[in-house]
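Protein chains: 2
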Amino acid sequence: MEHLHVSAAQRVIFESVTALGAETVKLEQSLGRVLAEDIRANRDLPPYDVSAMDGFAIRSADVVNAPATLEIIEDIKAGDMPTKTVAAGQCARIMTGAPMPLGADAVIRVEDTREVSATSVEIGKSVKPCNDVRPRGENMFSGDVVLTVGTEITPGVIGVLATVKAAQMNVFRRPRVAILSTGNELEGMDDPVDPNKIPNSNSYALMAQVQALGIEPVLLGIARDDPVELEQYLKRGLEYDVLLVSGGTSVGVHDYVRPTIEKLGVQMKFWRVAIRPGHPLAFGSTSKTAVFGLPGNPVSSMVCVEEFVVPALRRMMGNPRLYRRTVMARLAHPIKMRPGRTEFIRVQLTRDAAGYIASSTGTQSSGVLLSMAKADGLLVVPSDSNGLVAGEQVTVQLLDGTVFQDEIGFRE
Amino acid sequence: MEHLHVSAAQRVIFESVTALGAETVKLEQSLGRVLAEDIRANRDLPPYDVSAMDGFAIRSADVVNAPATLEIIEDIKAGDMPTKTVAAGQCARIMTGAPMPLGADAVIRVEDTREVSATSVEIGKSVKPCNDVRPRGENMFSGDVVLTVGTEITPGVIGVLATVKAAQMNVFRRPRVAILSTGNELEGMDDPVDPNKIPNSNSYALMAQVQALGIEPVLLGIARDDPVELEQYLKRGLEYDVLLVSGGTSVGVHDYVRPTIEKLGVQMKFWRVAIRPGHPLAFGSTSKTAVFGLPGNPVSSMVCVEEFVVPALRRMMGNPRLYRRTVMARLAHPIKMRPGRTEFIRVQLTRDAAGYIASSTGTQSSGVLLSMAKADGLLVVPSDSNGLVAGEQVTVQLLDGTVFQDEIGFRE
Chain A
248 MEHLHVSAAQ
258 RVIFESVTAL
268 GAETVKLEQS
278 LGRVLAEDIR
288 ANRDLPPYDV
298 SAMDGFAIRS
308 ADVVNAPATL
318 EIIEDIKAGD
328 MPTKTVAAGQ
338 CARIMTGAPM
348 PLGADAVIRV
358 EDTREVSATS
368 VEIGKSVKPC
378 NDVRPRGENM
388 FSGDVVLTVG
398 TEITPGVIGV
408 LATVKAAQMN
418 VFRRPRVAIL
428 STGNELEGMD
438 DPVDPNKIPN
448 SNSYALMAQV
458 QALGIEPVLL
468 GIARDDPVEL
478 EQYLKRGLEY
488 DVLLVSGGTS
498 VGVHDYVRPT
508 IEKLGVQMKF
518 WRVAIRPGHP
528 LAFGSTSKTA
538 VFGLPGNPVS
548 SMVCVEEFVV
558 PALRRMMGNP
568 RLYRRTVMAR
578 LAHPIKMRPG
588 RTEFIRVQLT
598 RDAAGYIASS
608 TGTQSSGVLL
618 SMAKADGLLV
628 VPSDSNGLVA
638 GEQVTVQLLD
648 GTVFQDEIGF
658 RE
Chain B
248 MEHLHVSAAQ
258 RVIFESVTAL
268 GAETVKLEQS
278 LGRVLAEDIR
288 ANRDLPPYDV
298 SAMDGFAIRS
308 ADVVNAPATL
318 EIIEDIKAGD
328 MPTKTVAAGQ
338 CARIMTGAPM
348 PLGADAVIRV
358 EDTREVSATS
368 VEIGKSVKPC
378 NDVRPRGENM
388 FSGDVVLTVG
398 TEITPGVIGV
408 LATVKAAQMN
418 VFRRPRVAIL
428 STGNELEGMD
438 DPVDPNKIPN
448 SNSYALMAQV
458 QALGIEPVLL
468 GIARDDPVEL
478 EQYLKRGLEY
488 DVLLVSGGTS
498 VGVHDYVRPT
508 IEKLGVQMKF
518 WRVAIRPGHP
528 LAFGSTSKTA
538 VFGLPGNPVS
548 SMVCVEEFVV
558 PALRRMMGNP
568 RLYRRTVMAR
578 LAHPIKMRPG
588 RTEFIRVQLT
598 RDAAGYIASS
608 TGTQSSGVLL
618 SMAKADGLLV
628 VPSDSNGLVA
638 GEQVTVQLLD
648 GTVFQDEIGF
658 RE
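Going down the list, the protein sequences come from chains A and B. The working numbering numbers the first residue of the first sequence as 248 and each following residue consecutively. The working numbering numbers the first residue of the second sequence as 248 and each following residue consecutively.
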């Protein structure tokens, strides 16, 4: 049976999942969503030439031989309209954002002036025409498409949406996601501690990976190794857009999941990917549900979610950015490797003047979830690698929680 | 009046804001919060030596000269306890996570075996003792501190919390944040379009920057340029942990904000920072409220939030990671610069084999919010720079929405 490469498996998944339908959300609830409509400007902005600074609106010709003393004829605040025309030797006091008066062609910042009296000011320097003036329509002209379908709604985008008074907008719907854990060995969160059982960490780790995308998943609970019970749980899961099943998809003989899933009409697309950790991963779909069969090992399961489920969910939400951001780093120590699968090593990132340094978080056993908790990223080792040497340049995918760092990181 | 450097201004802010008190949250609501208590393991995990794979538990001495045919004496599922001891020439079928039977010291994966009959299996290769066995306590021993105060709760951390059955935990409280815009020129979201006014984008852009940290701020609305109205609004804002006031802190003569703020007992710490865009920025505090006076220009205001408000809010939430992640990039084109202030240029990031390439999003006018909407990051130009040349290595802070990218970014 063929083991698909990571990107080949992603392509198979992307054939089954596309952007979901649109829904309307309020601006206040739109952060992180993706526009399902183009957004147009509803006015020229600025509506006329305005001052970019607090200062004085002047005629640049008057200050060619600065310093020059000018008569203050008016006081223009933002929100006011000028009522007078600035003639030679005159100026108007003007605030940032206020409309330029007729006659004036430039602004002198208040820092570069000295008030001589209530009605006159000394201008300390000469400036070119248009200095510190923002021309009409500099931001946008009415009718311009300012944001297009597929734009992720970031704080900057929300600022633009507010600028064009888009109090609500069409965005792609979020997928409804169900999470099911399977296995007699699992101990539920509210069960008493039983040393013969394994706490059900997977449901919660997967929940959090999905929550990090702004989706609130439904935890279906734990299905025991019983075909009837399992079928009931899986049926419930197939009412969602995405069903994540952890455990139970191995090649072991106690595996009821795959036959039950297929009996329920899920067409399996693959069940082998050349990835480590991450084995075994399966993917299938019905006409309405994408089904991921995830490994029971917690790290393997989380890595599969990062590499396959997160891109699928983002695609369903209409986002063109499907992959975790990658950075280059220097490897702090050698890593032994046997070729055959793309390997994801949990690493911490530190920095020096030359850039990032990646070092392993410790044991890479797929059972040790603490290594994932400590990781800043996943170092990706190509499948043809026989090992990495210290100092080698490597690629690291950043994980949640690592979009911030503990030092300022730039020279000011 | 001295212009503080960016990091000096941050230090002043950090003297006024510290981690807030703790509160208890449920595991399901904990993502992105920061632990205010150490978390200990409540059991040994695994509780005994377990199989890391689906396969057969064997005595490694029996397969030194593989292939070897062994008798299958038992079938051990995860969640079962073994009932028999594996003697020479024997083995037990075993599932991932199931306890190792007495006598056996290694696991052979099912892929490396061939079942000869219902009661015997041919082992295809020899392995060392402990092969594919996860020893007792590999993850954690009961009583170990597994997570410490100050740990940001990421999906991996949630997996660990679920592993130790922490259904709820103490985290640092989120700051309560109020946002106030000021100025007669502002047009509210529900007001009719008036070409003489400026839409109030700042309240919403700031709201989104705060929301991106998991905090739901309160929008107080727009205070007009009237000392009495302004005082009422500011009083309301001083009931919160953090008050963001946009506009109205300039040196212009129509500025009521600063005197009113000081009258209300806010001790101003600085009102000049050597940053561009971002002028003018002011900071002060009462015994309970940190007050940021932000520029009225939308880009300036957003940059100030990124560089000063976000670190302050994260510090209040107990997070040691205060600063936006930075990456190195090659500059695509020269940038003119006058020295004196640390400058933040909105850039888009692309990639080639050598790494990231940064190029300006276009006009850097602080009035043009679209440049912020398009930006992947902020290129930081040191204050002593006279300009940057094409090809130069530069530092870029990643912004919200850029933690994902549109290509896989690694060789598989």
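Just so you know, even glycine gets a beta-carbon here, dropped at the ideal spot from N, CA and C.
For Q644 of chain A, the residue or residues it bridges with in DSSP: A:T573 and A:L625
Nearest candidate by alpha-carbon position, reference D488 of chain B, set B:A266, B:M300 and B:G430: B:A266
Chain-order list of residues whose beta-carbon lies under 7 Å from that of A313 of chain A (same chain, five-residue window excluded): I370, G371, K372 and S373
Inter-residue spacing [alpha-carbon to alpha-carbon] between A351 of chain A and T366 of chain A: 17 Å
Same chain only: Cβ atoms within 7 Å of T330 of chain A, ignoring 5 sequence neighbours per side: E321
9 Å Cβ cutoff met for V492 of chain B and S428 of chain B: yes
Residue span of the alpha helix (DSSP H) that contains R340 of chain A, given as start and end: No alpha helix (DSSP H) contains R340 of chain A, which is instead part of the beta strand (DSSP E) from Q337 to I341.
9 Å Cβ cutoff, R226 of chain B in contact with chain A: What is shown of chain B runs 248 to 659, which leaves residue 226 of chain B out entirely.
Contact under 9 Å by Cβ, T533 of chain B with L511 of chain B: yes
Limits of the alpha helix (DSSP H) - the one that R561 of chain A falls within: V557 to M563
Residue nearest to G565 of chain B in terms of C-alpha spacing, selected from B:A255, B:P586 and B:G279: B:G279
A459 of chain A: contacting residues in chain B (beta-carbon distance under 9 Å): L278, G279, T401 and P402
Residues near Q415 of chain A in its chain [Cβ-Cβ closer than 6 Å; skip 5 each side]: T271 and K273
Nonlocal neighbours in the same chain, by C-beta distance under 6 Å from K516 of chain A, ignoring five residues either side: V259, F530 and G531
Inter-residue spacing [alpha-carbon to alpha-carbon] between I462 of chain B and K375 of chain B: 53 Å
G543 of chain A beta carbon less than 9 Å from that of N449 of chain A: yes
Cβ of R423 of chain A within 9 Å of any chain B Cβ: no
R483 of chain B, enclosing alpha helix (DSSP H) - first and last residue: P474 to G484
Distance, T507 of chain B Cα to L569 of chain A Cα: 48 Å
Beta-carbon proximity list for G435 of chain A, same chain, < 8 Å, skipping 5 on both sides: N447, G468 and I469
Selection from A:G484, A:V504 and A:S548 that minimises the alpha carbon distance to T536 of chain A: A:G484
Sheet register partners of M515 of chain B (DSSP bridge): B:G531
Segment limits, alpha helix (DSSP H) that includes L453 of chain B: N449 to Q458
Proximal chain C residues relative to M328 of chain B, where beta-carbon distance stays under 9 Å: As a matter of chain content, chain C is missing from the structure shown, whose protein chains are A and B.
Straight-line Cα distance separating V357 of chain B from W518 of chain A: 16 Å
Cross-chain neighbours of S630 of chain B in chain A, by beta carbon under 8 Å: E659
Top-ranked residue by Cα proximity to V333 of chain A, from A:Q611, A:V354 and A:N633: A:V354
Collapsed DSSP secondary structure at G468 of chain B in the structure displayed: strand
Length of the line joining the Cα atoms of D327 of chain A and P346 of chain A: 7 Å
Pair within 9 Å by beta-carbon distance, V396 of chain A and D285 of chain A: yes
As assigned by DSSP and simplified to three states, the class of T271 of chain B: strand
Whole-angstrom distance between V264 of chain A and A455 of chain B, CA atom to CA atom: 29 Å
Contact with chain B by A470 of chain A, beta-carbon distance below 9 Å: no
Whole-angstrom distance between I305 of chain B and P348 of chain B, CA atom to CA atom: 9 Å
For L251 of chain B and E659 of chain A, the rounded distance between their alpha carbons: 11 Å
H501 of chain A (DSSP reduced to helix, strand or coil): Any reading at H501 of chain A needs caution, since the residue's pLDDT is 48, under 50, leaving its predicted position unreliable; the model's value is listed next. Note: H501 of chain A maps to coil in three-state DSSP.
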